[in-house]
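All remarks here apply to the structure that follows.
In this note's numbering, the protein residues as written are 2 to 666.
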């Protein structure tokens, strides 16, 4: 695997120094180094906007052009910004008020320096809309690299005298006039007619988001130099100023080239390299303060420089590390890992994918699993794990000739290949005569039906589709039914409410604007009684209250038994705990970054049953590993002894029924 090959990637590098020579001095020199590094890796198409060329109009136009550029076909876009950023409360008409992150272009700095009419900075909602356009027209493999701080001062150095505090100089009316058309393009799955969803039976949809840092965003993966309220630093060297994050980024890319993994390195693998190099630099440069990079996004495990997913796709569990002779995974009981779980470990020595070991779970906590390796595996930053078998087998009632098909050797070989495990099929499928979670029928010629206990029905022709459907059903019911809960958890510590959202005229700290806000009283959902909602064009939000005594990370998923999809409704950023004790979390409005929900029905359906499941834990977990696309999408996915203090964790499942009030059945 030669690095001299052209990488199927496109890079846009944006960098802006301070104008007075006393502030940021590293971005533009760093941009030159980064451009040369990417070129040496084989990236064939690199564009730069630096200094006076990096105006507001030029940046927005260049991002917009990526979606329509015929030279960028199957390329994975890489977008880098180095310079100032600010965090300002901002009201987006028709969407909501939230603490926006603004990137500061050259002409914004120039207008402030010359005290001329201000040029508005670029809010993250505008960047999100442009990235959403790229995702829809080109690729969902965009990697966004931000080397800028997100504190209100907007300074990447530690000298308060050089900080630019210009909150009151932002011309919000001008900003809305410039960008409002783009905001209407924010990614959304919602159609005009909620009863017609192009054949999709997914009832809860929420792909509309503002924040670049939202953990479940699908349009891009973000690797940021620091958390939202930290300062991104630069330091002096004999060769001039260098930014801590970008220096580590360039060194990490060169390491990937030397290790021959540039084709396979993933965002999470690149992030782990950057983080380790930053720690080394901070240890060497004593003047630097702690700075912690951040990696967020739904597709963190896909390659950065190539669009094909690695062999195990979205069900790979990463990152994994070796600690004290044990392999540590960032998931545990909460994500469906049991003490009998077995994992395959993969790595990229000399740039080639290799199965390095098969290990059983040794110690399982709520958000972490440790395994004992018989030898020193020394996993690289791109190593990952795959769960070989779920702890529970799916009981399947086999009707008609399906049992004969299931016992056919060639069919079983196909099943084994689909499940990707050397374990017996009995670990996945448990044939039963009655009361199965799934009823499988085979009616000649080549007609198949899978019907589950929640009313979901899949019908298709050809035996080739059966293994994929059974695989998704097995993982779906495993995660839906598992209820690992800490003995310290109070069953009443989490309360979930659904609230209808509507346009509301509100006064923001900066301006007055229309925004999505709760309408009427919220409705509490109970795990036993569930929740029924009439199909409509309305948007909904969720409110989660923490009545317990512990700060919690929460993760919210929608389980759809019609296509076996497991869709994240809310994945928290890794920077802080989103639900403190006695606090609440709003999903779909406010500042969580998660988009609103829309409850829909597929054409011809009277009602659609599904489940909202809330997971909670005192510690962060890589819960995105349990997500999977619906069967119709045709892609496989699966989830992913030192003393520990007692932890609080658990999950609560809430039945949801969407019905059509026009049907009198």
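Built from N, CA and C at the ideal position, the CB exists for glycine as well.
Item                                                                                                                                                                                  : Value
Work out the CA separation of residue 127 and residue 1 for me, nearest whole Å.                                                                                                      : Absent from the model: residue 1. The displayed extent of the chain is 2 to 666, so no value can be given.
Only counting the same chain, and skipping five residues up and downstream in sequence, which positions put a Cβ closer than 7 Å to that of residue 473?                              : 565, 629, 632
Quick check: the segment 268 to 282 against the segment 12 to 25, are at least 3 beta-carbon pairs closer than 8 Å?                                                                   : no
Which residue's Cα is closest to the Cα of residue 52: 437, 402, 40, 107?                                                                                                             : 107
Tell me the DSSP secondary structure of residue 90 in three-state form.                                                                                                               : strand
Helix or strand or just coil, what does DSSP make of residue 231?                                                                                                                     : coil
Quick one: what does DSSP say residue 167 is sitting in, helix, strand or coil?                                                                                                       : With a pLDDT of 42 at residue 167, under the threshold of 50, the modelled position of that residue is not reliable, and the figure given next carries that caveat. Of the three classes helix, strand and coil, the one that applies to residue 167 here is coil, per DSSP.
Taking the alpha-carbon positions, what's the residue 498 to residue 537 distance?                                                                                                    : 19 Å
Give me the Cα-Cα distance between residue 645 and residue 367, rounded to the nearest whole angstrom.                                                                                : Since pLDDT at residue 645 reaches only 42, below the 50 mark, its modelled position is unreliable, and the value read off the structure follows with that caveat. Between residue 645 and residue 367, the C-alpha separation is close to 11 Å.
Counting only the same chain and skipping the five closest in sequence on each side, list residues whose C-beta sits under 8 Å from that of residue 661.                              : 196, 535, 536, 602, 606, 607, 608
Which two residues bound the contiguous alpha helix (DSSP H) that contains residue 255?                                                                                               : 245 to 259
Taking only beta-carbon positions, decide if residue 381 is within less than 7 Å of chain C.                                                                                          : In the displayed structure, chain C is absent; only one protein chain is listed.
Look up residue 400 in the DSSP assignment and give the residues it is bridged to.                                                                                                    : 442
Taking just the CA atoms, how far does residue 279 sit from residue 414?                                                                                                              : 47 Å
Label residue 357 either buried or exposed according to how many other C-beta atoms from any shown protein chain fall within 10 Å of its C-beta, with 16 as the threshold for buried. : buried
Kindly indicate which three-state DSSP category residue 221 falls into: helix, strand or coil?                                                                                        : strand
Can you tell me which residues form a DSSP beta bridge with residue 359?                                                                                                              : 345
How is residue 63 classed by DSSP in three states: helix, strand or coil?                                                                                                             : helix
So is residue 175 buried or exposed if we call it buried at 16+ other beta carbons inside 10 Å?                                                                                       : exposed
Give me whichever residues DSSP pairs with residue 389 in a beta bridge.                                                                                                              : Per DSSP, none; premise fails for residue 389.
Shortest alpha-carbon distance to residue 529 belongs to which of 468, 114, 563, 612?                                                                                                 : 612
Report the three-state DSSP secondary structure of residue 663 (helix, strand or coil).                                                                                               : coil
Can you give me the Cβ contacts of residue 412 inside the same chain, cut-off strictly under 7 Å, excluding the 5 residues immediately before and after it?                           : 406, 464
Quick one: is residue 519 buried, meaning 16 or more other Cβ sit within 10 Å of its Cβ, or exposed?                                                                                  : buried
In the DSSP output, what is residue 372 paired with across the bridge?                                                                                                                : 328
What's the gap between the Cα of residue 355 and the Cα of residue 262?                                                                                                               : 12 Å
Exposed or buried, residue 430, counting other C-beta atoms within 10 Å across all chains shown (16 or more means buried)?                                                            : buried
Measure the alpha-carbon distance for residue 667 versus residue 371 and round it to whole angstroms.                                                                                 : Residue 667 lies beyond the stretch modelled for the chain, which goes from 2 to 666, so this question has no answer here.
Just how far apart, CA to CA, sit residue 507 and residue 590?                                                                                                                        : Its pLDDT being 47, under 50, residue 507 is placed unreliably in this model, and the coordinates cannot settle the point.
Check whether the Cβ atoms of residue 455 and residue 562 sit closer than 7 Å, and answer yes or no.                                                                                  : yes
In its own chain, which residues sit with a C-beta less than 6 Å from the C-beta of residue 363, not counting the 5 before and 5 after it?                                            : 371, 372, 373
Quick one, which of 553, 270, 83, 651 has its alpha-carbon nearest residue 386's?                                                                                                     : 270
Please classify residue 240 as buried or exposed, where buried requires at least 16 neighbouring CB atoms within 10 angstroms.                                                        : exposed
Can you give me the C-alpha to C-alpha distance between residue 438 and residue 471, rounded to a whole angstrom?                                                                     : 11 Å
Excluding sequence positions up to five away, which residues of its chain have a Cβ less than 6 Å from the Cβ of residue 309?                                                         : Because the pLDDT of residue 309 is 46, which lies under 50, any placement of that residue in the model is unreliable, and the question is left without a value.
What does DSSP give as the partner residue(s) for residue 80 in the beta ladder?                                                                                                      : 13, 145
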